[in-house]
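Residue 95 in UniProt numbering sits at position 95 of the sequence shown, and the numbers go up by one each step. All C-beta atoms in this analysis are idealised placements derived from N, C-alpha and C, irrespective of residue type, glycine included. One structure below.
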Amino acid sequence: MFAVLALPAVASQNTLLIVGDSLSAAYGVPSETAWVQLLRNRLESKGLNDWEVVNASISGETTDGGARRLPDLLEENEPDVVVIELGGNDGLRGFPPNVIESNLASMIEKVQTSGARAVLVGMQIPPNYGQRYTEMFAEIYPKLSDRYDTALVPFFLDGIYNQAGLMQDDGIHPTEEAQGKLLENVWPVLKPILQ
1 MFAVLALPAV
11 ASQNTLLIVG
21 DSLSAAYGVP
31 SETAWVQLLR
41 NRLESKGLND
51 WEVVNASISG
61 ETTDGGARRL
71 PDLLEENEPD
81 VVVIELGGND
91 GLRGFPPNVI
101 ESNLASMIEK
111 VQTSGARAVL
121 VGMQIPPNYG
131 QRYTEMFAEI
141 YPKLSDRYDT
151 ALVPFFLDGI
161 YNQAGLMQDD
171 GIHPTEEAQG
181 KLLENVWPVL
191 KPILQ
């Protein structure tokens, strides 16, 4: 006669997928201090151990690249929540706002069709691109959030881009010291979704 061993119950795993650019890919900072790792640490400290964070961010990524990669990422990871942190590189390259908006809309639609919730992370670009372009760019995110009823982080670099010591020498990427602030900008939006 064989003894049957009872296996411990495994908590059902939820997946949070982050599709972003260098701001989420730990550009110029140690990966263990980057905001995505700080998010993992926070989930653990809050007892939200049933969430796995998958970071599919790539430095230099555009909305077009993200939209092309997304179907495979959704299939591979079957996420419950997808954070879309893209558009900054498009803006810095002067891509037309309607193209950026269309790419992000396509991503949100794919996420929602998969059954996952989309969280859109808003960006802004420097004023030297001209008032009309910077305003049109900034409007993309709240417009899409309203249209698709997604959660929105209004501006990822809020309280960072204009503070001494929080931006790297290139003026584009946050420093290691700024990573906790990036998390604080995202957390109020993510927290109610993850709990």
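Check                                                                                                                                                      : Outcome
Which residue from A105, N49, L16 and V53 puts its Cα closest to that of G66?                                                                              : A105
Taking the alpha helix (DSSP H) that R40 belongs to, which residues open and close that run?                                                               : W35 to S45
Within the chosen definition, does the segment 127-139 reach the segment 166-174 through at least 3 CB pairs nearer than 8 Å?                              : no
What runs of the beta strand (DSSP E), each 3 residues or longer, lie entirely inside the segment 98-170?                                                  : 117-121 and 151-153
With distances taken Cα to Cα, identify the nearest neighbour of G159 among L152, D146 and A178.                                                           : A178
For my contact list, V119 and V81 are in at a C-beta cut-off of 8 Å; report their separation, rounded to the angstrom.                                     : 6 Å
In the DSSP assignment, the alpha helix (DSSP H) including N77 goes from what residue to what residue?                                                     : T63 to N77
On the premise that D64 lies in contact with N103, defined as a C-beta separation below 8 Å, what is that separation, rounded to the nearest angstrom?     : 5 Å
With 16 other CB atoms within 10 Å as the buried threshold, where does E44 fall?                                                                           : exposed
How is L23 classed by DSSP in three states: helix, strand or coil?                                                                                         : coil
Pick from A34, D50 and V29: whose alpha carbon is nearest that of E184?                                                                                    : A34
Could you pull out every residue in the same chain whose Cβ sits closer than 6 Å to the Cβ of Q124, ignoring the five residues on either side in sequence? : A138 and F155
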